[in-house]
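Engineer: One structure, as structure tokens, below. Some questions next.
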Amino acid sequence: SPRHTTTTSVRAMATSGNRKLLALLQRPLEPTFYPKDDGKTVIDLPENYLTERYRPIGEALQNRFGNDADNRIPVRNVGTPNIAFAEVIDRRGGFSLFNAKHRKIAGDLIALFLNQPDVESLMSVASYSRDRLNPVLFQYALAVAIQHRPDTKDLNIPSFLELFPDSFVDPSVFPKLREEGAVVQQENRVSGLMVACCGGWINFDLIGGSFLELFPDSFVDPSVFPKLREEGAVVQQENR
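Heads up: the sequence shown runs through residues 1 to 240, numbered per full-length UniProt numbering.
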């Protein structure tokens, strides 16, 4: 019926507009202002949403990363949310739902996201939080909130396997995958190279590329990698 068609169209348009939230779930170890969607999307943050490390060079960063983007996502300044309760978990430390303290913090962060009055406010609060909180905590809380809000529940959330693949792949297979991915071209690879993962198997042919490039944190001391990746990917040599 025309009424049903109109309702479906409105829902589809709303879902399309809300997809900007998914940009916050991409490449969780990189700063929020860093390009998403293979360089096509940039999130424009208010200056006071940048962390102290990048605030002095905020304008240069926006110019550097935003000029070639096809899609710019402006983030509304709604003030700075109180996320001190969640900063208790070390940004570069571990996060586990089996830890009662971590579970309580995650619940409070989910509540903060759920209580935002609209998608624009959620985008703002989440954008501010992303670079200040433990990435696994943030990804978990935002994903749960998106799935339970009536205005965002239709979005398709990436799996944790996509977001943190190195947490699921048996490290004993990395040497073989590194050799295969970095040296042998796609057409010459051994068919059927499989990765044991999550109780099942992943066909490496479907992933392609060098695992060192895809998951470099699997080959570097995890205590230093997040800082190195953030610093090297964003700050030009003269500003380091």
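Glycine included, C-beta positions come from ideal geometry on N, C-alpha and C.
Between which two residues does the alpha helix (DSSP H) containing Ile146 stretch?
Structural biologist: Element bounds for Ile146: 135 to 148.
Engineer: Which word fits Gln147, buried or exposed, when buried means at least 16 other C-beta atoms lie within 10 angstroms of its C-beta?
Structural biologist: By the neighbour-count rule (16 or more Cβ atoms within 10 Å), Gln147 is not buried but exposed.
Engineer: Are Met123 and Lys40 closer than 8 Å when you measure CB to CB?
Structural biologist: Their beta carbons are not under 8 Å apart, which means Met123 does not touch Lys40 by this criterion.
Engineer: What does DSSP give as the partner residue(s) for Thr32 in the beta ladder?
Structural biologist: In DSSP, Thr32 forms no bridge with anything.
Engineer: Quick one: does Leu163 have its CB under 8 Å from some CB of chain D?
Structural biologist: No chain D appears in the structure shown, which is made up of a single protein chain.
Engineer: Leaving out five residues before and five after Ile89 in sequence, what residues of the same chain have Cβ atoms less than 7 Å from its Cβ?
Structural biologist: For Ile89, where only same-chain residues beyond five positions count, the Cβ hits under 7 Å are Phe95, His102, Ile105, Asn134, Leu137.
Engineer: I need the straight-line Cα distance from Leu24 to Pro74, nearest angstrom please.
Structural biologist: The alpha-carbon atoms of Leu24 and Pro74 are separated by roughly 13 Å.
Engineer: Under three-state DSSP, which class holds Asp37?
Structural biologist: Of the three classes helix, strand and coil, the one that applies to Asp37 here is coil, per DSSP.
Engineer: Look up Val42 in the DSSP assignment and give the residues it is bridged to.
Structural biologist: Answer is Arg72, bridged to Val42.
Engineer: Under 7 Å: does the beta carbon of Leu163 sit that close to some heavy atom of the ligand SAM?
Structural biologist: With respect to the ligand SAM, the structure offers nothing, as it holds no ligand at all.
Engineer: Is the Cβ-Cβ distance between Thr51 and Ile43 less than 8 Å?
Structural biologist: Contact: no.
Engineer: Out of curiosity, what's the CA-to-CA distance linking Asn18 and Phe98?
Structural biologist: Straight-line Cα distance between these residues: approximately 31 Å.
Engineer: Would you mind sorting Lys153 into buried or exposed? The rule is 16 or more other CB atoms within 10 Å of its CB.
Structural biologist: Label assigned to Lys153: exposed.
Engineer: Determine the closest residue to Val78 out of Gln62, Leu61, Glu120, Asn71, with distance taken between C-alpha atoms.
Structural biologist: The residue with the shortest Cα to Cα distance from Val78 is Glu120.
Engineer: I need the DSSP call for Asn156, collapsed to helix, strand or coil.
Structural biologist: Looking at Asn156 - three-state DSSP - the assignment turns out to be coil, as it is neither helix nor strand.
Engineer: Please report the straight-line C-alpha distance between Leu112 and Ser127, rounded to a whole angstrom.
Structural biologist: Their backbone Cα atoms lie some 13 Å apart in a straight line.
Engineer: Using 10 angstroms around the beta-carbon of Pro118, count the other beta-carbons present and answer buried if the total reaches 16, otherwise exposed.
Structural biologist: Correcting the residue type first, residue 118 is Asp in the shown sequence and not Pro. Flag for Asp118 reads exposed.
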